[in-house]
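Structure first, commentary second.
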Amino acid sequence: MGSLCLVLVILQLSWSLSSTVAPPSSHLCLPHQRDALLHFKTTISVDCFRDSYPKIDIESWNKSIDCCSWEGVECDNVTGHVIGIDLSHSCLVGSLFANNSLSQLHNLQWLDLSSNNLEGFLLENTSSLFHFHGLRRLNLADNAFDGAISTELFIQLVSLTHLNLSSNGFYGLIPHNINLLSSLVSLDLSSYGLDLRFDSQGFDMLARNLTKLRNLVLDTVDMSDVALTPFLILSSSLEHLSLSGCKLHGEFPTQVFQLPNLKVLYLSENESLTGFLPNTSWSSGLELLDLSNCGFRGSIPASFGNLTQIISVDLSGNSLEGQIPDVFGNLRKLTFLSFSSCSLSGPLPITIFNLTKITRLDLSSNHLEGPLPNHVSELQLLEELGLSNNSISGVVPSWLFTLPSLPRLDLSYNKLVGPIDRIQKPSSIQEVHLRYNNIGGPIPDSFFDLVNLTWLDLSSNNLSGVIKSDMLSKLTSLEVLDVSNNSLLSLSTSGNDVNYSFPQLTTVNFSGCSVRQFPSFFRTSNLESLDLSNNRISGGISKWEAEGWEGLQWLDLSHNFLTTLEQSPGNNLGKLNLHSNLLQGPILSTCLNPQIPILKELEEFIISENKLTGNVLSSICNVSSLTLLDLSENSLSGTIPDYLRINNFIGKIPNSFVNNSLSRLLLNDNQLEGLVPSSLVYSTSLEILNLGNNKLTDRFPRWIASLPSLQVLILRFNRFYGSLPHSIASSNFSALRIIDLSANEFTGTLSTKLLRNLKAMKDKPREWLNSSYTDIFGIVDVSCIYEIPVNVTTKGLDMGLTKTLDIFVSMDLSNNQFSGEILEDVGRLISLQMLNFSHNNFTGPIPASFGNLVALESLDLSSNKFTGGIPSQMTNLTFLAVLNLSNNKLVGPIPHGNQFDTFDNDSYSGNLGLCGLPLSKQCVNHRGPDPPSPLVVEHEGSKITFFWQVVMMGYGSGVVIGLSLGYIVFTTGRPWWFVRKVERD
C-alpha cells in the first residue's frame, strides 16, 4: 500500500511540472529572419543554364510555411534562429549587395552558396558577410565573384573553420592577416588563372599560425614569390595538400611526403619545382599522389612499395630515371598509375601486371625495354594501357586483346616483332595502335574477328600478305584504318565486292604499300579520307569507278602510275593530290572545268610532276573555294592566269591579288619578268611564296615583311638587287623557317633586326610527333601536309629536296654580294638544318656561336674572305653531314672530334693557313686546342621522322643519284621513292 502511494505521488508531481512548461511550438522561425530570407529571395533570380534543375527550390519559400522547414534552411531547435543556409547548385543568378538582407541573420553559423552564378565584389570592405561574426563555414566556390579579398574578411570572421572561395574571379595579393583564422580546418582558394597570389611572408604566416589545418587547396594561386622553407612547418594535422600550377620553384622538401596524416598530395604543373622522392618513411596513409609535369629527379625508390593505401599515382612528365622497382605486390588498392614521359629504363616490372584493381596504367614515352609477359590473368579491370614510345621488344602477346575492360591498346613506337599471335578469345577492344614497330608476317585472320574495332593502326611495320575486301567487311564498326608504310602489304578485291558495306568507315590510309588496283569497293561507303599514295596503281580511273564516293573529301593518289583520269571520284572533294603520276594530255579541260559540280568544294588541287599539255584555263581562277593549285613540272603553255605556277609561263605576274585566303603561291621555274606584284600584301594568309628561277628584276620587296603567316620565302635565281631591310617591325618574319635569296645581286650587310626576328628558327628543333600536324593520338593528319620542292646549293651541287614544310629549316644567301662580318645572332637560330653563305664577300672570323646550331646538317661558307681559326665549338654539331669552308683565309689547326673526323680535304681547300688532318700540312709547334666534350643531343630512339628525298644533279650530267640526309624512313624495307624513279625512267 505504501509503494502504491509513492507511485501516485510521483505521477502527480510529474503532471504538475509538465503542465507548467509550454509545449514545443510548431512555428520556430522568427518573423524578422523569415522576412530577411524572403527579401533575399526577391533580389536574385533562378536560371538553370548550367545545372539541369536546382538542388534547392528557392521559389518554394513562402510565408505560409515555417521558414525553418524551408529547403536549404536550418534553425536552432531551441531558439529558432536561422543557423545554416545551403543554396548550392540552386541556379541562383544575381548580385549580393553590401546591404543584403542576409546580414540580419546574426546567428548564422554556415553559409553555402557554391556552384551558382552569383557575382559582384562580395568581399569588399562594406560586405554584409562581415556581420556574421559567429560564422564557421563559408562556401562561395564556383561563382562569378571578383575583386580583391578584403583584409576585413579575416579580421571579422575569426571563427571560421571552413573557407572555400575557389573558382571565382578574385585577384590580387592574399592579405597577410589570413593567419588570424587560427581555427581553420579547411581552406580552398584555388582559382582559374593565377590571379590570386601569395607572397613569401603571407604563406609563412599561414604555415605558422594555421596549426589545425587538415585541408589546404591553393591550385593555380601564384606562389612564385613563396620560398619553400615554410613547408617544413606545415601543420602535422594536414591530410590534403593541393598546390597544382602554382609556379612553385626550388627543391621541394622531402619531409612533406612524411607528414603523419597526409592522404592527398597534388603538386602537378609546377615545372620549376624539383626534388627527390623519399627513400624511406613515406606517410603510411597516402592515398592520392600527383607530381605530374614537375622537375623531380632521381629514381623511384623501393620504399614506394610500402604505400599500401595508395589509390592513384601520377609521376608523369618528370626527370625520373633508372629502373622501375618491382615492388607493386602489396599495392592492392592501386587503380591509377602513370609514369609516362620520364626517362625510366630497364625491364617492365612483373608485379605491375598483377594489380587486380588497376584501371589505368600509363608507362609511355620512357626507355623501357625487354618483352611483355607471355601470360597475364589479372588486369581484368584495366581500361587504359599506355606503353607507346619505349623500346619494348619481343612479340605482341595475344592476352592484350582479351582483357575484358580494355577499350584502347597503344604499343606504338617500340621494337616489337612479329608475327602477331593468334587471338584466342577476342575481347570488346575498340582501338589498336601498333604503328612504328618491326612487326612482320601477315595480319592474323583473328584480327578481323575484333568486331568492335573502331580504330586500327598497323602503319610503319613490316607486315606482308594481302588484305581482302571480305576480311575488312567483318569490321562493321571500323572508323579509321591505317596500314600505311608496309611495303609488302597489298589490298585485293574479290568477286562479291558489291555486297560489302562499310557503314562507319571514314578514314583509310594505304600509303606506301603494294596496292596495284584502285579499291572501288569503298565507293558505297561513307569514306571521307582515302590515302593511296606511294603505291603501284597503274592505268586509269574509269567513270564507273569514280561514281559514288558521296562523302569523300580528301583523296591522295600521288606517287603512283596513273595515266588517265576520266573522272575524279566524289562530288564533294576538298583536297585532291595527283602529284607524281604519268597523267598526260589536256586533262585539265575535264578535271578542272569550273562548270563541273565536283569543284564546288575543292580547296586544294595538286597535279604536279605529270605529263600534262595544253593551255591553262583562265576560268580556273573562278573556282572560289580554291586556296592551293599546283600544276608544276608539266608541259602546260600559254599566258599565266592569276593563280598558277611552274611551266613555261612568260610575261609579268598580274598585280591583282585580292584573295586573302591564298596560302601558297608557287610561280618558280618560269620566265616571268618585272616586279613582284605589290597586291600580294593583301594575301595575309600566305604561308609559302616561291618565285625562284625566273627573270624578276626588283629590290627586296619590303612589304613581304608584313605577311604575318609567311613561312617559306624563295627568291633564288632572279635579278633582285640592293640591301635587305634594316628597319622592320618586331613581329616581321617571325614565322619564317625557309629563306632562299641565292643567286641574285643583293648587297650590303646582314640585318641585325631581321636575324633577331626569325623566331621560328630560334625554336628548339621540333619533333614530328609534336608538330601541329598530329592529333592527340600521334596520328599524322596527312590532309594538312603538302610536300614542297626546295632546291638547295652546297659544294657546287644543286640538290632538289622534298620535305614537309613543318620540318625543314634553312637559310641560303649564297651567290650574292653580301659583305661585312657574320653576326653572332646567326648562332641563335638553333633550328637551322641547312645554312649556305657561300660565294659572297663576308669577312672577319667565323662566330663561335655557330657551335650552338646543333640541328645543322649542311654548312657552306666557301668562297668568302673569312679570317682566323675554325671555332672548336663547331665540333658540337653532331648532325653535320656536309661542310664546306674552302677558299677563305682561315688559319690554324682544324678541330677534331665528332663529325669533323669525317670530312675530307675538299672541305678546307684554298685556306693556305690551315693545318692538321685531313690536310697533308702538319701544324708545326702549334698544338691545337682540345676538342670540347661532345654536346649531348638525345636522338637515340627518337621518333622524329624526316621524310626527305634528295636528288643531287651534277653539272652537265644526266645521272641522277639518290642521297639521303638526316633521318630516313627505312621501315618499309627499301627506298621506294628511289626504286620508283628508276623503274619509271
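If you count by mature numbering (1 follows the signal peptide of the UniProt record, and there is no 0), then the sequence shown holds residues -20 to -1, 1 to 965, one letter each, in order. The beta carbon of each residue, even a glycine, is placed where N, CA and C say it ideally should be. These figures come from a predicted structure and were not determined experimentally.
* **Endpoints, the beta strand (DSSP E) within which Trp524 is located** => Premise fails: Trp524 lies in the alpha helix (DSSP H), Lys523 to Ala526, not in any beta strand (DSSP E).
* Asked: Since Ser658 sits in a beta bridge, which residues does DSSP pair it with?
  -> Ser658 is not bridged to any residue.
* Straight-line gap, Leu545 to Asn466 (C-alpha atoms, nearest Å) -> 26 Å
* To do: Using alpha carbons as the reference points, say which of Asp792, Lys395, Glu363 and Leu140 lies closest to Leu389.
  => Glu363
* Quick one: what does DSSP say Arg277 is sitting in, helix, strand or coil? -> strand
* Under the rule that 16 or more other beta-carbon atoms within 10 Å means buried, what is Gln13, buried or exposed? -> buried
* Asked: Can Leu695 and Asn724 be called in contact, C-beta distance under 9 Å?
  -> yes
* Asked: Where does the unbroken beta strand (DSSP E) through Pro351 begin, and where does it stop?
  -> His347 to Pro351
* Asked: Who pairs with His220 in a beta bridge, going by DSSP?
  -> Asn195 and Val244
* According to the neighbour-count rule (16 or more other Cβ atoms, all chains shown, within 10 Å of its Cβ), is Asp792 buried or exposed? -> buried
* In the DSSP assignment, find the unbroken alpha helix (DSSP H) run with Gln853 in it and report its ends. => No alpha helix (DSSP H) holds Gln853; DSSP gives it neither H nor E.
* Asked: In three-state DSSP terms, what is His12?
  -> helix
* Spatial distance of Gly225 from Asp199 (CA atoms) -> 6 Å
* Asked: Going by other Cβ atoms of all chains shown within 10 Å of its Cβ, with 16 needed for buried, is Phe29 buried or exposed?
  -> exposed
* Asked: If you draw a straight line from the C-alpha of Asn298 to the C-alpha of Pro281, how long is it?
  -> 15 Å
* Asked: Name the DSSP bridge partner or partners of Met814?
  -> Ser790 and Ser838
* Entirely enclosed beta strand (DSSP E) segments - the region 525 to 559, minimum 3 residues -> 534 to 536, 541 to 545 and 555 to 557
* Inspect the beta-carbon positions of Phe125 and Phe101 and report whether they are closer than 9 Å. => yes
* Mind checking which residues open and close the beta strand (DSSP E) that includes Gly149? => Gly149 to Leu153
* **Through-space distance from Leu558 to Leu642, alpha-carbon basis** => 20 Å
* Starting from the N-terminal side, write out each stretch of the beta strand (DSSP E) that is 3 residues or longer and does not extend beyond the region 490 to 517. => 509 to 511
* Spatially closest choice to Asn867 from Ser838, Ser818 and Phe883, by CA coordinates -> Ser818
* Expressed to the nearest angstrom, what Euclidean distance is found between the alpha-carbon atoms of Asp805 and Met814? -> 16 Å
* Give the straight-line distance between the Cα atoms of Asp37 and Ser378, rounded to the nearest whole angstrom. => 55 Å
* Asked: On the three-pair Cβ rule with 8 Å, is the region 230 to 243 touching the region 174 to 181?
  -> no
* To do: Helix, strand or coil for Leu287, going by three-state DSSP, please let me know.
  => coil
* Proximity to Asn674 [Cα-Cα], best of Ser843, Val692 and Leu655 -> Leu655
* To do: Quick one: residues in its chain with C-beta nearer than 6 Å to the C-beta of Pro329, no 5 flanking neighbours on either side, listed in chain order?
  => Ile304 and Asp306
* Asked: Just how far apart, CA to CA, sit Leu253 and Phe276?
  -> 7 Å
* Asked: DSSP state of Cys48, grouped into three classes?
  -> helix
* Express the C-alpha separation of His142 and Leu196 in angstroms, rounding to a whole number. => 10 Å
* Spatial neighbours of Val692 in its chain, beta-carbon cut-off 6 Å, leaving aside the 5 residues before and after -> Ile668 and Ile718
* To do: Return the CA-CA distance between Lys243 and Asn250, expressed in angstroms with no decimal places.
  => 20 Å
* Does the distance from the C-beta atom of Thr823 to that of Thr847 stay below 9 Å? -> yes
* **Gly255 vs Cys274 beta-carbon contact at 9 Å** => yes
* Do you know whose CA, among Asn144, Ile158, Lys901 and Leu458, lies nearest Leu167's CA? -> Asn144
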